[in-house]
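A quick write-up on the structure given underneath.
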Amino acid sequence: MSDTTETKQVLPDGWEMVIGLEVHVELATKTKLFCGCANHFGDEPNTNICPTCLGLPGSLPVPNEQAIHFAMVLGRALGCSVEPGIFARKNYFYPDMPKDYQTTQYEEPTNEHGAITLPDGRVIAIERAHIEEDTGKSTHLGGGGRIHDATATLVDYNRAGVPLVEVVSGPEMRTADEARAYVAELRDILLATGVSDARMEEGSMRVDANVSVRPTGSDELRTRCEIKNINSLRSLGRAINYEARRHVDLWTNNDQPTQETRHWDEEGGRTTSGRSKEDAEDYRYFACPDLPPLVPTAETIADIDSSMPALPAARRAALAEAAGVAEADTLLAIERGLDGLACETIAAGGDATAVMKHVDQNLAEGQGKLTSASFAALVSMEADGALSSTQVKTVLAELVANGGDPAAIAASMGFEAMDTGELDGLLDQLIADNPDEWGRFLEGDNKVQGFFVGQIMKATQGKADGKVVNQLMRQRAQD
Amino acid sequence: MSDVLKSAAKLAEAVRSGETSAADALAASSSLIADRDDEIHAFLHLTTERAQAQAAAVDAKIAAGEDAGPLAGVPIALKDNMCTRGAPTTCSSKILDGWHPPYDATVVDRLEAAGAIVVGKTNLDEFAMGSSTENSAFGPTRNPLDTSRVPGGSSGGSAAAVAAGYVPLSLGSDTGGSIRQPAALCGVVGVKPTYGAVSRYGLIAFASSLDQIGPFAHTVEDAALCFDVVSGHDRLDATSIPEPLAPTLTNLHDGVDGMRIGIIDELMGDGIEPDVRRRTEQAAEALAAAGAIVDTVSVPATIYGLAAYYLIAPAEASSNLARYDGVRYGQRVDGANVATMNTNTRSAGFGDEVKRRIMLGTYALSSGYYDAYYGKAQRVRTLISNEFAAAYENFDLLLSPTSPSTAFELGAKSDPMSLYMCDVCTIPSNLAGHPAMSVPFGVGDDGLPVGVQVLAPMLQEPRMFRAAQVLENAAASGGAA
Ligand SMILES: [Zn+2]
């Protein structure tokens, strides 16, 4: 996770949060769930539409095999049992829902009973991961941007019928950080399996958080609120913390929260009341008569399992083992997709600490044309002192951009290690020219160290190794 | 009746051989419609331009020596719940008045590919909900055999269009008997195919798990010909049967020698008029005379069919008809906000019977009532299927009346329950998904036609058509006198 973590205590002593997440994932299919229209974000409104996704009279849905396959791949990646799934209709009126019902799965979802293992080892249960169609998008003009007092509403049906999987966790998370770790882990699983591009800001991964609180250690489930409109991991953490504090305030003031949907207001940093349970609709679910059950064969499931790519948890474990670090220290490498390179480089003889340092600090843009062999060779040159750390960074950037042999690149760039004798001479000259600064260094003022290193770098056009200069200065001081 | 329009098979042959032309057949049909349809009101709209263009295309093909198809030049009428591109498709509802679909139903594509000429769209009970074609927002259709009587419904316009001799063929849709019952009342052949045999793509849904499109014709042969053209897998309908279907025309005249045929005991009781019962018994005798082994069989759950149907069909309809909300197409009646606009539109756009069924269905699916109503109805449905399966272990086909009575007078059944009873014999086949058809077999005490229903197991249309052909022959040679 690249976001900063909130470590200060959120709730008063004696209270804990109960958090369950519902994550809507848009599947990265070429076409929509039940028709041949393009599944593409950002096109001109109402250009990717047809009779079926507009719900025109007489139109019928035909399941998209790719979408069903992706949903099952995700199910297996989440450790779910993939069962015969039945599409159901969820009936309610809304202008951006063309048929005034949503085709989803209710009593018999395709995926059930899975789990996500977080990097810290905690296991969060997945209750279900069911397939459903997305709705269109409404823009309300006039009023407060809400449908009820709008003067007009414009609807774009490009998104109507886009395939979604809704991943529903158990109410098992206890902190906002844990919720964020869960979403980050799910995102990494989606990216590893390729079933979604998992972009929260574009809405291809949408998180709703069910939040309640209870006395620490109790197993009761108190009234929860569902928070919608969360667009980033950072918002997720802020929204959960805000909502949990609001609940504790209510409970400790002889009041209680109302079960309702609430909207996260990013600018205001608070949640606001939406629909309450009392006006919740009766969705009158029933099996959709237009769609036969989805019955995966044992062969289909075996195929999915055998072609499953390595998942983040396994990759973390592999890299932690190879590099001799804690799994928590492998997260950046996994997120950047550099764990495979790191393991191979270490196997090829690269020093694990140096490899992990470069992965975390110098390879933010990814692997590019860097190979494990050239990476291992470069790390060895660095360890031998043949290149300064600045030079290593430069060569590494070149390897990422264009590939090649690190020794040849270093030579072509004129990076030859300076011998210590030459540096000694330069340092003597500097000390002679700057006696006051040297005096302060001797008195223990480490800030002037940078001055000497900088001057030597300038004189050698960066060829000197800063570490060696530091070492020479400390030797001088001790002499 | 114009001779040329009596038989689709003969007309197509005459058109293909150059004896007559598609344009002439269309002109004959148009002239009959112009003469009489003000009185009958079988049609809601005529698709004259499209028909003329299609007839010209068929004639051009024949002039060029190409195969113009098995229905070359045959005028055909479509129930107005099947989408026709650019032409009105209303379901006889004000809520769809003015809407022109941007696409054709699969059956329309198949008919035109076979050379048929779509002449117009026929009247129906609004959204196919009814058994008399009186529940149309655009006025009732009258029975061409006696204009004081209803043609039956909901496909009354399509049945009447054939009975009046306007066209040799038409298509209807059958959710609980909406093809077979009007066929019986109008004295024509009407077929409800196996669920999934004919694509529903472009058929405006009433109850999706029950709806099937099927033909009306004067003869069993024409019905078989039309069924063979419109049936078969369609990738646009996920409930369409993927396996190839056996043609029904090939062995149509093979008879019923040795077939075991069971008369359904529960559908021969007090609710059925005596003259209708008598004709059904005579039909059984005719089949026996042709070599069938006829006996009675009990299918007890059929008596619960009506109750189950009036929960399942309205439940599905309540969801299928939600989309008529005034947002995207059809009628809109404005309101202060979206919800009010939805309510105003639906209040003004739907007729009473449609509203009644939407309310019934909404109630049947409601939380707390689902198990007692919709859930239980689904269990009855399973029971009926199981009992049919058991009956078909001992019988190849089943037999019953199609309708409890002959055609009744307009306005005679103003109470919804008495109208619902019209479908008691036909509903079980829809619940089971099995094929069934109505064949005219003599007349009742009032001189109006009686229809006999032949029921078959899943996908056994060829067998069903063979028995129907035997009945047609028997009726023609005085067996139903
Ligand atoms: Zn589409």
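These protein sequence lines are chains Y and F, in that order. So for the first sequence, our numbering puts the first residue at 1; every next one is plus one. So for the second sequence, our numbering puts the first residue at 480; every next one is plus one. Just so it is clear, CB atoms sit at the ideal spot from N, CA and C, and this is done for glycine as well. Values in this document were obtained by computation on a predicted structure and should not be read as measured data.
Which residues bound the alpha helix (DSSP H) around residue i?
{"i": "Y871 of chain F", "result": "K855 to N873"}
{"i": "E321 of chain Y", "result": "P312 to A323"}
{"i": "C225 of chain Y", "result": "Premise fails: C225 of chain Y lies in the beta strand (DSSP E), C225 to I230, not in any alpha helix (DSSP H)."}
{"i": "H358 of chain Y", "result": "A352 to Q361"}
{"i": "E178 of chain Y", "result": "A176 to T193"}
Considering residue i, what are the terminal residues of the beta strand (DSSP E) in which it resides?
{"i": "K600 of chain F", "result": "I596 to T601"}
{"i": "N622 of chain F", "result": "From DSSP, N622 of chain F is part of no beta strand (DSSP E); its letter is neither H nor E."}
{"i": "N823 of chain F", "result": "Taken as a continuous stretch (DSSP letters only), N823 of chain F belongs to no beta strand (DSSP E), being part of the alpha helix (DSSP H) at V817 to G828."}
{"i": "S212 of chain Y", "result": "M205 to P215"}
{"i": "N91 of chain Y", "result": "F87 to N91"}
{"i": "Q932 of chain F", "result": "P928 to L934"}
{"i": "P961 of chain F", "result": "Since the first and last residues shown for chain F are 480 and 960, residue 961 of chain F lies out of range."}
{"i": "A840 of chain F", "result": "Checking the sequence shown, residue 840 of chain F turns out to be Gly, not Ala. Element bounds for G840 of chain F: not the beta strand (DSSP E) but the alpha helix (DSSP H), D831 to L844."}
{"i": "R802 of chain F", "result": "Run containing R802 of chain F: none; DSSP gives neither H nor E here."}
{"i": "S879 of chain F", "result": "L876 to P880"}
{"i": "Y101 of chain Y", "result": "Y101 to Q105"}
{"i": "R128 of chain Y", "result": "V123 to E133"}
{"i": "G741 of chain F", "result": "R739 to I743"}
{"i": "L650 of chain F", "result": "L648 to D653"}
{"i": "T261 of chain Y", "result": "E260 to D265"}
My output table needs one value for residue i: the three-state DSSP class, helix, strand or coil.
{"i": "T5 of chain Y", "result": "Residue placement at T5 of chain Y is poorly supported in this model, since its pLDDT is 47, which falls under 50; the coordinates still yield a value, given next. It is coil, neither helix nor strand."}
{"i": "C665 of chain F", "result": "helix"}
{"i": "M480 of chain F", "result": "Residue placement at M480 of chain F is poorly supported in this model, since its pLDDT is 46, which falls under 50; the coordinates still yield a value, given next. Coil, per DSSP."}
{"i": "T271 of chain Y", "result": "strand"}
{"i": "V641 of chain F", "result": "helix"}
{"i": "K480 of chain Y", "result": "Given that chain Y is displayed from residue 1 to residue 479, the structure contains no residue 480 of chain Y and the question cannot be resolved."}
{"i": "H113 of chain Y", "result": "strand"}
{"i": "F70 of chain Y", "result": "helix"}
{"i": "H697 of chain F", "result": "coil"}
{"i": "R628 of chain F", "result": "strand"}
{"i": "V379 of chain Y", "result": "helix"}
{"i": "I431 of chain Y", "result": "helix"}
{"i": "T759 of chain F", "result": "helix"}
{"i": "V468 of chain Y", "result": "helix"}
{"i": "D503 of chain F", "result": "helix"}
{"i": "W438 of chain Y", "result": "helix"}
{"i": "G20 of chain Y", "result": "strand"}
{"i": "I720 of chain F", "result": "coil"}
{"i": "Q391 of chain Y", "result": "helix"}
{"i": "P726 of chain F", "result": "coil"}
{"i": "D197 of chain Y", "result": "coil"}
{"i": "D555 of chain F", "result": "Looking at the sequence itself, residue 555 of chain F is Ile, so the reference to Asp does not match. The answer is strand: DSSP assigns I555 of chain F an E or B state."}
{"i": "E26 of chain Y", "result": "strand"}
Quick test of your reading: residue i and residue j, contact by CB under 8 Å. State the CB separation rounded to the nearest angstrom.
{"i": "A352 of chain Y", "j": "G324 of chain Y", "result": "6 Å"}
{"i": "A593 of chain F", "j": "A686 of chain F", "result": "Actually they are not in contact, since the Cβ atoms of A593 of chain F and A686 of chain F sit about 28 Å apart, beyond 8 Å."}
{"i": "R807 of chain F", "j": "P98 of chain Y", "result": "7 Å"}
{"i": "A209 of chain Y", "j": "L236 of chain Y", "result": "6 Å"}
Could you tell me whether any non-hydrogen atom of ligand 3 is closer than 8 Å to the CB of residue i?
{"i": "A504 of chain F", "result": "With respect to small molecules bound, the structure shown includes ligand 1 and not ligand 3."}
query = In chain order, what residues place their C-beta within less than 6 Å of a heavy atom belonging to ligand 1?
reply = Y:K32, Y:C35, Y:C37, Y:I49, Y:C50, Y:T52, Y:C53 and Y:G161
ask   = Taking three-plus beta-carbon pairs below 8 Å as touching, is the stretch 855 to 863 of chain F in contact with the stretch 712 to 723 of chain F?
value = no
request  = May I ask you to verify whether the stretch 84 to 91 of chain Y touches the stretch 282 to 299 of chain Y, counting CB pairs closer than 8 Å and requiring at least 3?
outcome  = yes
ask   = Do the stretch 121 to 135 of chain Y and the stretch 58 to 71 of chain Y touch if we need at least three Cβ pairs shorter than 8 Å?
value = yes
inquiry  = Assess contact between the stretch 162 to 181 of chain Y and the stretch 826 to 845 of chain F, defined as three or more Cβ pairs (one per stretch) separated by less than 8 Å. Is contact present?
reply    = no
query = Okay, do the stretch 865 to 885 of chain F and the stretch 901 to 917 of chain F touch, 3+ Cβ pairs below 8 Å being the bar?
reply = yes
request  = Pair every Cβ in the stretch 119 to 131 of chain Y with every Cβ in the stretch 167 to 174 of chain Y, then say whether three or more of these pairs are closer than 8 Å.
outcome  = yes
key: the stretch 454 to 467 of chain Y touching the stretch 493 to 502 of chain F, judged by at least three CB pairs closer than 8 Å   = no
inquiry  = I'd like to know if the stretch 189 to 196 of chain Y and the stretch 308 to 318 of chain Y are in contact, where contact means that at least 3 CB-CB pairs between them fall below 8 Å.
reply    = yes
task = Pair every Cβ in the stretch 637 to 655 of chain F with every Cβ in the stretch 563 to 583 of chain F, then say whether three or more of these pairs are closer than 8 Å.
result = no
query = If we count Cβ pairs, one from each stretch, closer than 8 Å, do we get three or more for the stretch 8 to 19 of chain Y versus the stretch 38 to 48 of chain Y?
reply = no
task = Closer than 7 Å, Cβ to Cβ, to anything on chain A: give me those residues from the stretch 69 to 93 of chain Y, in chain order.
result = Of the chains in the structure shown, none is chain A; the protein chains are Y and F.
Stretch-stretch touch, CB-based, cutoff 8 Å, three pairs: the stretch 836 to 851 of chain F with the stretch 784 to 804 of chain F = yes
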